Structures are given as C-alpha cells and as structure tokens.
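Chains as they are written, first to last, in my numbering: chain A, 1 to 387; chain B, 1 to 448; chain C, 1 to 265. Virtual Cβ for every residue (Gly too), placed ideally from N, Cα, C. Since the model is a prediction, treat every value here as computed from it, not as a measurement. Below you'll find the structure, written out as structure tokens, and then a few comments.
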Amino acid sequence: MGTERTVAVGIGAEELATADMTLNIGPQHPSTHGVLRLRLTLDGERISRAEPIIGYMHRGAEKLFEVRDYRQIIVLANRHDWLSAFSSELGVVVAVERMLGMEIPERAVWARTLLAELNRVLNHLMFLGSYPLEIGAITPVFYAFRERETLQRVMEEASGGRMHYMFNRVGGLKEDLPAGWLDRARAAVREVRSRMSDIEWIIRGNEIFRARTRGVGVLSPEAVLQYGVSGPVARAAGVDFDLRRDEPYLAYGELFGPGRPGRVVRRTEGDCYARFECLLDQVYVSLDLADACLDRLADLPPGPINVRLPKVLKAPEGHTYAWTENPLGINGYFLVSRGEKTPYRMKLRSASYNNIQVLSELLPGNLVADMIAILGSMFFVVGDIDK
Amino acid sequence: MTTSLLAAPPATPLAAGEAPTLEAFGLDPWWLILAKAVLIFVFLMLMVLFEIWFERRFMARMQNRLGPNRVGPLGLLQPIADGLKLPLKEDLVPRGVDRPVFILAPALATMPAFLAFAIIPFGPTVSVFGHQTPLQLADLPVAVLFVLAMSSLGVYGIVLGGWASASPYSLLGGLRSSAQVISYEIGMGLSFVAVFLFAGSLSTSEIVASQERIWYAVVLFPSFVIYAITMVGEVNRIPFDLPEGEGELVGGFHTEYSSLKFGMFMLAEYVNMTTVSALAVTLFLGGWRAPWPISLVDGANAGWWPVLWFMIKLLLTISFFIWLRATLPRVRYDQLMKLGWKVLIPGALAWIMVVATIRVLRNEGISTQQVFFAVAIVLGIYIVASYLWDAVRGNRRDAEEQEATAAERAGAGDSTGGDPMAGGYPVPPLDAPHYHGRNSTSKEVNRA
Amino acid sequence: MGVINLGEPRVGTISRVAPKPIKFVLNWGRRYSLWVFNFGLACCAIEFIATSMSRHDFIRLGVIPFAPGPRQADLMVVSGTVTDKMAPAVKRLYEQMPEPKYVISFGACSNCGGPYWDSYCVTKGVDQLVPVDVYVPGCPPRPEALLHGILRLQEKIAGESLGERYGPASPVPVAQPQAESRPPSPAVLRRPLQRPPQPTSADRPEDPPEASPENPPENPPREPPQPPESSSGQRPDAAPRPGPLPPPNSVRGPADPSEPNLFLP
C-alpha cells in the first residue's frame with residue numbers, strides 16, 4: 001500500500017482522505033503479452049508511479065552462449081526474440097563472419113536480406129494484430145494471422161521452421177532455396193500486400209482507436225536518445241535512425257537510397273498512434289524490399305549459397321561488435337573470442353530491453369486504460385528484455 | 001383485485017389479432033399467467049444458449065473462422081456443454097471476500113434481468129384454449145419505467161460483486177460500472193421521453209399499438225440513435241465493456257468469480273442483452289408489427305404471426321451487438337463519461353425540446369409542414385452565416401497555426417537533428433537529467 | 001502469511017453418485033467446454049495464438065480462449081519456458097483455477113527445459129510444479145500438435161471419473177505423516193528439499209538417497225528426463241501426482257509436503 005495521503009480540506013476530511021493503491025500488473029496479465037511485471041502506484045485510476053520489474057523470462061542465454069559452439073549459438077540466438085528469429089540469428093552469424101573475415105556469396109546475401117525482410121513483416125503483423133486486441137478490437141488479429149500464415153508457409157518451405165528458422169549458417173545459409181520458391185514467395189508477398197488494406201481500414205480509420213491512441217504516451221526525442229530507444233518506437237518519435245540505411249549490412253546498401261525501394265518510415269508525434277502507423281508503413285516498405293530482393297535473386301546467376309566450413313569452427317582471438325536493425329530496434333552482439341570454438345563472452349544488446357526502460361517515464365500521469373495503449377505500442381518481446 | 005375484475009367484466013370484448021390495450025391485462029386465469037411466466041423464463045434461457053452459440057459462430061465468420069462445430073450439428077450444443085460444465089466446477093470463494101455480498105451479488109445481477117422481460121409484448125391478442133389473451137405477461141401504466149428500474153437494480157450486482165471480491169481489479173471494475181450506469185441510464189431514460197410524448201403512454205402494449213402507421217425509429221431517429229448507444233453501455237459490451245475490460249482489468253468485476261456464480265453473471269449479461277434488444281424492438285422498431293411490405297398482407301399482424309416478426313427483429317438487434325463486438329475497440333473510461341454527459345444527455349434534452357415543441361404546435365393547429373418549413377429557413381440562415389464566419393475568421397487562424405507548427409518543427413529539428421551516432425557508436429548523453437534522479441527530460445541534450 | 005488448509009475440492013459428488021449415463025453426459029460437458037487460460041511465456045505462446053486463429057481454430061473443438069483469468073478456466077496451457085522466478089506464479093495461478101482443471105504442457109521448454117536444459121535459471125519442466133495431463137513436444141510445436149494434444153486431453157476427460165479423481169476411496173492407501181492432522185507450521189515453507197513421505201509397507205526399508213521429489217517412490221521409476229518425442233504427444237503416466245490419486249487429507253496449496261518445494265525462497 002502506498003503511504004502517500006492527500007487530505008481534503010473541509011468537513012469530513014478524514015473520511016475523504018485517499019490512500020494510493022499499489023497495483024501489480026503481471027507477471028501474467030492479459031495486456032503484458034508475456035510476463036512483464038509492472039508495479040504501479042495508482043491514485044484512483046491514474047498512475048502516479050510505474051516501475052517495470054523484469055527478469056521473469058530470464059533464461060541465461062548469454063551464459064549459455066559461452067558453452068555452445070558457433071553453430072549451436074544460433075539455436076539460442078533466435079529464441080530470445082521469438083518474433084524476429086531470423087534477424088536475431090543474423091546478428092550472430094554476421095559477428096562471427098566479421099571475426100573470421102569471411103566473404104559470403106552474393107546469393108546468400110540477397111537471400112538473407114529477403115528472409116530478414118519477410119521476418120520483419122511477420123513480426124510487425126503480430127503487433128498490428130495484438131495491439132488492437134489489447135485495446136479491445138478482436139478482429140484485426142485474425143486478419144493479421146491470416147497474413148502471417150501466408151508468409152510463414154513460404155518461410156517454412158525454405159527453412160523448415162515456422163518460427164525458429166535455424167536457416168543461417170556462418171558463411172551463408174543452410175541450403176539453397178527450393179526450386180520455384182521465388183515465384184511462390186512473390187505470390188505470397190503480393191497476396192499479403194493486397195490484403196494489408198483489410199487490417200489498415202479496420203483499425204487506422206477507427207475513431208475510437210484514434211481517440212485511444214492520439215496524444216497518448218508521447219515520447220520525446222530527448223527521452224529516446226537518453227534511454228537508447230530504437231526501432232519503430234524511436235522513429236515514431238522523430239529520431240531518424242535506421243541501421244539499414246545509416247550503416248548498411250547485407251544488401252541494404254543497394255536497397256536504400258534515392259530511387260530505390262528502401263525508405264525510412266518516420267513520424268514526429270511520438271504518440272501511440274504514430275508508433276502504430278510507423279509499424280504499419282514499415283510493413284509496406286518491407287514488402288517492397290522483399291520484392292526488390294526477389295527480383296535480384298531471380299537475376300543472379302546460379303552459385304553457392306554458403307561457404308564450406310571446417311569441422312571445428314574457431315573464431316580468431318579478438319572482439320567485434322555487430323549490430324543489426326531488428327524489427328523491434330537495434331540488436332547488437334559484442335563477441336569476444338579467445339580463439340576457442342566457443343565464444344569467451346557474447347554480450348547481447350537487445351532492443352526491447354532499452355525500449356521498455358522508458359516506461360517508467362512514460363506511464364506516470366496516465367490512466368490505467370492508457371497504460372494498456374502505451375504498453376502495447378512499445379512493441380516489446382519479453383524474451384528480448386530478459387534474454 | 002379479483003373482486004373488481006369479477007365485478008367489472010371487460011368493457012371491450014377482446015378479439016383475436018387486435019392490439020391489446022392496458023385494460024386487456026389482469027384478466028387471465030392463474031394457469032395462463034403461470035404458463036406465460038414459465039414460458040418467458042424458458043424463452044430467455046433458450047435465447048441465452050442461442051445467443052452464445054450465435055455470437056461465437058457469427059463472430060467466427062467475420063474473422064475467417066468456423067467457430068465451434070464439433071459439439072452437435074453446427075456446434076449447436078456448445079453452450080449446453082458450457083452450461084453443464086460451469087455449475088459443476090469447484091466453487092471458489094477467495095479468502096478475504098465479504099462472503100454474504102460475494103454470494104448474493106450474482107443473484108442480484110441475474111434476477112432483475114429476468115424480471116424486466118415481463119412487460120415485453122410478443123404479439124397481439126391470441127386465443128389460448130379458448131381464452132383471449134395478449135402475448136405479454138404483464139403491462140403497467142409505467143411499464144418502461146419498470147424496465148429502467150430493473151436494469152438499474154442489476155447494476156448493484158456488478159458493483160457489489162466487484163466490491164466484495166477484495167481484489168483491485170474487481171474493485172476498479174465495479175467502480176467503473178457504477179460510474180457508467182449513472183452516465184448512461186440518464187441518457188437512456190431521456191431517449192424514451194420522446195417516445196412517450198408521441199405514444200401518449202408508458203405502457204409497452206400501447207406504445208406498440210401507436211406504431212401502427214410508422215415506426216418510432218423513423219420518426220424519432222435521434223432518440224433511436226441515443227438509445228442504441230446507451231443500450232450497449234447498459235449491457236457492458238464492447239465498445240463500452242469497461243467493467244470487464246479484459247485487457248486492462250483481467251476480468252473486471254468477475255475476476256474472482258468461478259463456477260456457477262460466474263455463470264450467473266454471464267447469464268445476466270446475455271439476458272440483459274435480450275432485454276434491451278427487445279425493448280429497442282418494442283419502443284422503436286414497431287414491436288411485434290410486421291415490417292412494411294409484409295404489413296400490407298392481410299392477417300400479417302394477427303394470430304401467432306407477429307411472434308415471428310418480433311423474433312426476426314430481436315435477432316437483428318442482437319446481431320448488431322455482435323457486429324459491434326467484432327469491429328470496435330474499447331473506449332476509454334473518461335471518453336465514455338464524456339460521451340455520456342457531454343453529448344448524449346444534452347443531445348437527448350435538446351431533441352426532447354424539439355419534439356415537445358412540434359407536439360405543442362401541432363396541438364395548436366399548425367401543421368408539421370409549416371414547422372419544418374420554418375425550421376429549414378432558420379437552419380439555412382445559420383449554415384450560411386457559419387460559412388461566412390469561417391471565411392472571415394478561419395483563414396486568419398489557419399495561417400497562424402501553420403506558422404506555429406512550422407516554428408515547432410524547426411525547434412524540434414534543432415534538438416534532435418544531426419547524427420545520433422558520434423564517431424561510429426551511439427553515445428548516450430552523459431548529463432541527461434534522469435541520471436541525476438529527476439524524471440523530467442530537459443530540452444537541451446548535450447552530445448558528447 | 002500463514003499456512004491455510006484449503007481442504008478438499010468440493011467437486012465430484014455428483015459424479016460419484018450419478019448413474020453411468022449421467023456421468024457420460026457430465027464428462028461430455030467437461031470434454032467439450034474447455035475454457036483455456038493461456039499461460040503464455042515464450043515462443044510457444046505465439047504458436048498457441050496461431051492455433052486459436054483462423055487457419056487452425058481450436059475454438060472448433062470447444063476450447064474457448066476467452067477466459068480472462070484463472071478463476072473461470074478449465075485448462076491451462078503452459079506455453080514457453082518456465083523460469084525459476086516465474087515458477088511460484090505458475091503454481092499460484094494453477095491453484096487459483098477451480099477443480100476439475102487440466103494442464104497441457106506445450107513445447108519442449110515447459111516439458112523438460114528444452115534448449116535451456118543447462119541454464120541456471122530455467123525450471124526443467126513445468127511438471128515439477130503442477131500436474132500435467134498432456135505433453136506436446138516440439139520447439140515450438142506446430143499448431144497441429146496442439147490440436148492433437150487437445151484431442152488427447154478430450155479423450156482422457158471422456159474416460160475419467162471425477163468421483164475417482166477426487167473421491168476418498170483410494171485403492172492403495174497412501175501413508176500420511178501425522179503432521180497432516182494439524183496445519184503444518186510456516187517453517188515448512190523455508191525447509192530445504194525434503195524426502196517424500198515414506199510408504200507404510202515394509203518392502204522399501206530405505207529410500208535410495210538420491211530420491212528427489214520429482215521421483216516420489218510411489219511412482220514407477222521414470223526414465224531419465226527426456227523430451228517426450230512420441231508422436232502421440234501424451235505421456236499420461238508421467239504426471240507427477242504423488243501416486244495415482246492425491247492423498248485423501250492432504251493439504252492443497254503451497255504447504256503440501258508431498259509436492260516439491262523446490263522453488264520457494
């Protein structure tokens with residue numbers, strides 16, 4: 001129970017004195033999608049203090065990295081952020097490849113870019129569905145999952161996994177894309193693009209949805225910089241930063257730029273609605289990028305898609321830092337190697353961890369109902385927070 | 001009561017198929033009254049089962065799904081499976097609850113929901129075993145007020161249930177419910193007033209009888225809209241399901257309820273949905289009267305046929321509820337209050353004024369056309385004037401606003417623009433205020 | 001917070017006295033009305049959601065996913081990694097569910113720890129905390145696997161008798177420590193790992209010293225922990241209820257000495 005008391009002046013002041021109520025949201029609460037816990041101090045329905053309590057999903061991934069070799073790490077790397085598995089495993093292999101100074105085949109670069117963008121769409125679709133669900137609209141999530149299933153089918157055909165693809169290898173991809181897959185992927189992308197309007201119309205123009213999200217949970221660009229918030233949440237606040245454009249990896253250097261399909265979606269309002277719109281528009285951009293990758297892959301001459309590796313893969317002694325623009329923000333891998341077959345240390349900088357820290361600044365002053373809207377629009381994955 | 005009935009046989013002998021009036025009530029033999037009461041109970045229970053099934057299937061179709069289809073044909077037995085299971089579950093009474101209130105609350109929510117249905121007319125006078133009787137359990141001179149009273153009583157069940165549960169979620173749910181009801185009951189009551197003015201009665205059978213020519217949903221369209229909004233608020237469904245508010249308050253007032261007690265809350269919700277839908281049909285959609293093209297057929301409004309029309313209208317109203325649930329998000333608590341107090345209640349009051357004025361003018365002998373003509377002239381002048389006003393004042397303000405936003409943007413660009421990466425890696429501003437234990441962020445951010 | 005004797009669940013009386021056809025109907029009701037409470041913890045939660053969506057749609061089977069909290073739920077699907085920090089919450093939410101309740105352990109992590117088998121902070125299997133009815137293997141399992149698991153659970157419910165599940169008549173009387181007559185003291189909670197209750201029969205003069213609470217001696221000795229990989233997705237005999245039935249006067253709740261107290265601080 002909070003100890004703060006506000007005393008009303010007048011007759012019966014003692015009876016009217018209100019005590020603050022402490023409410024524990026979570027760890028298992030419908031709106032925390034996962035097991036984030038928030039300790040809120042409420043004054044009526046208004047939040048006066050909020051403190052995210054993390055660690056309920058801590059699985060010790062970083063420690064486990066140290067006892068897995070570089071192939072096995074990928075298993076754990078794609079599980080901490082389960083909605084962007086491909087992008088997460090990408091960060092690991094990019095770091096290891098950089099340590100090894102390895103040149104990877106062009107086909108692998110373009111295929112990785114394509115799959116990473118499809119994975120981004122999958123991730124965003126999940127949030128585009130779950131966010132309205134938290135605000136009370138049931139139907140969009142069903143539409144979102146229809147699109148997800150469409151894309152998951154082609155992803156599964158290539159990699160064999162619905163969520164955790166395990167398709168990246170140091171030096172390329174596990175195997176070549178199946179014959180005729182490019183056409184099926186193109187069809188899937190076209191299908192998803194044509195049906196995105198269903199989701200868009202049912203949510204974006206909804207008056208109630210706007211009223212719930214406009215001007216709610218406004219994140220200032222200063223706070224974004226101070227807390228290291230990244231990804232669509234940061235871009236919705238006006239921070240123009242996207243690794244795909246600013247420090248290109250994979251084939252993004254050729255995709256971003258004037259006259260090319262890549263563009264950085266940005267808003268300046270910084271409220272929940274802007275964050276949602278950012279996500280929605282990024283889906284279109286990613287679909288465009290996927291199309292560009294598909295075109296390029298079709299034009300590429302046949303060739304290898306990975307590099308033959310030694311039986312025991314050892315990274316040379318040293319350290320490196322690889323970062324990627326994951327769907328939720330910047331994921332960084334700081335890899336320290338002592339020349340053994342396992343890393344000496346692999347520090348993981350995950351996007352959600354930083355994004356969630358800003359909650360203690362965003363939530364106070366809002367209603368409990370707004371908390372749902374804000375929490376949902378921060379687009380976090382609990383496993384990505386706790387690792 | 002009985003003596004007076006015996007002493008005064010019905011002045012107007014009832015004929016089958018005629019719209020009953022208030023005098024037609026209270027003449028039934030006891031077995032007929034009992035049968036009607038039991039039938040209404042059974043009807044409501046069946047409607048609840050049907051609604052649960054219908055909601056799941058109908059919503060599933062809207063969501064590209066099938067919905068329950070394993071239990072019985074088309075999944076029709078799914079609610080029955082739920083009904084068998086729910087009461088037989090362990091009945092948990094958490095520690096620390098206010099036991100008597102906790103146990104009483106579900107009953108308190110359910111009973112008024114059933115009672116309110118007594119005054120809903122299903123059809124005209126029919127012949128049952130030689131007795132001419134209206135298809136309605138009871139009618140009162142203040143029948144509609146009775147419904148209002150009952151629905152207000154039902155809210156006590158929710159409020160007390162939320163309070164007795166001794167859980168913060170339940171408490172918030174109960175509080176929201178009480179706040180919701182005071183803002184919506186008034187709007188709802190006001191939306192009826194126009195109907196009363198037109199029908200000249202508060203008795204449901206007479207209101208139906210007065211809609212012989214045209215439905216009140218057409219004549220009194222604003223009232224109908226207000227009622228349609230408030231009735232959703234009344235039964236706590238999306239977009240006004242704040243007392244339950246799944247995403248926010250877990251289950252709201254019924255978070256701590258399990259087994260039969262939860263089942264009773266659920267029952268109350270669906271019975272309430274039937275009741276407010278039936279009331280909408282009765283007050284605004286012509287009651288049991290056949291819709292327009294069918295009403296031209298001779299005998300469409302006689303005998304047992306009207307029950308069919310009533311059921312069709314009822315189901316359409318219920319599907320409206322389900323449609324809303326599948327489409328809309330939940331409004332926020334303060335937005336709901338704002339809508340209730342600042343839009344619906346003033347709107348309803350203004351509309352009542354208009355209706356009353358028209359009635360009075362008509363009584364004075366001025367025809368409706370003349371009134372409309374006068375109103376149209378006034379409105380036209382008002383619209384033209386407001387356009388002029390906009391043209392004169394609005395332009396100036398627009399320009400000011402544009403300047404302001406441009407200035408703002410320039411300011412924002414100053415503080416955030418530039419390269420967030422200093423020397424290859426992003427460097428946090430080391431003198432940011434939150435490092436010093438302050439919560440607010442300052443405008444100037446030094447980048448190292 | 002003291003120790004409370006929660007008492008026996010008051011369910012199953014009807015099932016005990018009812019004739020067979022009525023029992024069948026009651027089981028049918030429970031079988032097809034499984035309101036599910038998704039204990040979504042990690043990756044598998046997404047596949048759980050995918051199963052409830054249009055393509056797979058387990059609502060067809062009468063599994064209604066709109067139970068807002070544990071109090072209204074019949075089925076808890078634990079999908080994802082249970083960490084040691086989360087474990088008390090899992091147990092607590094399970095205890096908040098009204099009887100009869102069922103648990104599906106969905107995915108390798110909640111079955112046995114999965115890829116986190118050597119992590120320092122992951123509970124190796126949710127069955128150490130709550131009795132599990134159906135295990136669904138996979139990492140994460142496909143939605144079809146969950147559908148199969150649900151069907152298996154429904155078969156199990158159809159064949160069970162609540163009267164036997166909660167009834168006092170136990171074919172093998174399980175020995176109860178004398179402490180059962182009064183509520184155990186709160187010190188029980190702070191005790192380290194303790195031996196399971198000794199069986200009365202003299203055929204086991206001493207327990208093997210490594211008998212851990214996961215392997216109560218009443219159970220047939222289990223295979224070493226392994227990810228269940230049978231295609232059936234079910235390991236019905238592996239539910240670590242102490243014996244086939246809960247002991248008659250056992251204290252339900254956190255103080256149950258027959259349950260492992262591994263995760264209490």
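The beta carbons of A:T113 and A:L250 sit about 5 Å from each other, so the pair counts as a contact at 8 Å. Taking 7 Å as the CB threshold, C:I150 stays off the interface with chain B.
Interface residue (Cβ-Cβ distance to chain B less than 7 Å): C:G40 is not classified as such. In summary, the residues of the stretch 141-155 of chain A whose CB is separated from some CB of chain C by less than 9 Å are V141, F142, Y143, A144, F145, R146, R148, E149 and Q152, in the order they occur in the chain. At a cut-off of 7 Å between C-beta atoms, B:V343 does not count as an interface residue with respect to chain A. Closest in C-alpha terms to A:D281, from the list A:N206, A:R267 and A:L375, comes A:R267. Within the stretch 274-361 of chain B, the alpha helix (DSSP H) runs of at least 4 residues that lie entirely inside it are, in chain order, 292-295, 305-327 and 333-338. Following the DSSP letters along the chain, one finds A:T139 inside the alpha helix (DSSP H) bounded by residues T139 to S159. Between C:Y32 and C:G80, the gap from beta carbon to beta carbon reaches 7 Å or more. With a threshold of 7 Å between beta carbons, A:M163 makes contact with chain C.
Burial state of B:N363 is exposed, judged by a 10 Å Cβ sphere holding fewer than 16 other Cβ atoms. Distance from B:G83 to B:L49 at the Cβ level is roughly 7 Å; contact confirmed, criterion being Cβ atoms closer than 8 Å.
Under DSSP, the beta-bridge partners assigned to A:S337 are A:G318. C:D74 places its beta carbon 7 Å or farther from that of C:W117.
In the three-state scheme derived from DSSP, where H, G and I count as helix and E and B as strand, C:Y102 is classed as strand. Around B:M231, no beta-carbon contact reaches into chain A at under 9 Å, the shortest distance being about 17 Å. For A:A50, DSSP records a beta bridge to A:L40. Chain B places no beta carbon closer than 7 Å to that of C:R92, leaving this residue out of the contacts.
Using a Cβ-Cβ cut-off of 7 Å, C:E144 does not count as an interface residue toward chain B, since no Cβ of chain B sits closer than that to its own.
Cα atoms of B:L296 and B:R213: separation of roughly 11 Å, rounded to the nearest angstrom.
Excluding sequence positions up to five before and after B:L44, its CB lies within less than 7 Å of the CB of F114, F117, V271 and T274, all in the same chain and listed in chain order. For C:V82, no alpha helix (DSSP H) run applies, since DSSP gives it neither H nor E.
Secondary structure at C:W117: coil, using DSSP grouped into helix, strand and coil. Restricting attention to A:L289, A:R153, A:E103 and A:A85, the CA atom closest to the CA of A:A188 is found in A:R153.
C:S105 and C:Q128 have their C-alpha atoms spaced approximately 11 Å apart.
Going by beta carbons, A:G376 and A:Y131 fall inside the 7 Å limit. A straight-line Cα-Cα distance of about 46 Å links B:D241 and A:L182. Nearest C-alpha to C:Q154 among C:P143, C:A42 and C:G29: C:G29.
Non-local C-beta neighbours of A:R71 in its own chain, meaning closer than 8 Å and more than five positions away in sequence, comprise R169, V170 and L313, ordered along the chain. A contact is defined here as three or more CB-CB pairs under 8 Å, and the stretch 326-346 of chain A fails this definition with respect to the stretch 285-294 of chain B.
Linking C:K20 to B:K85 through their CA atoms gives a straight-line distance of about 17 Å. Residue range V134 to V136 is occupied by the beta strand (DSSP E) that includes C:Y135. Around the beta carbon of C:A87, 16 or more other beta carbons sit within 10 angstroms, so the residue counts as buried. At a Cβ-Cβ threshold of 7 Å, A:R98 and A:T342 do not count as neighbours. Among the bridge pairs identified by DSSP, A:K311 is matched with none. Measuring C-alpha to C-alpha distances from A:L297 to each of A:W110, A:G257, A:G228 and A:A236 identifies A:W110 as the nearest.
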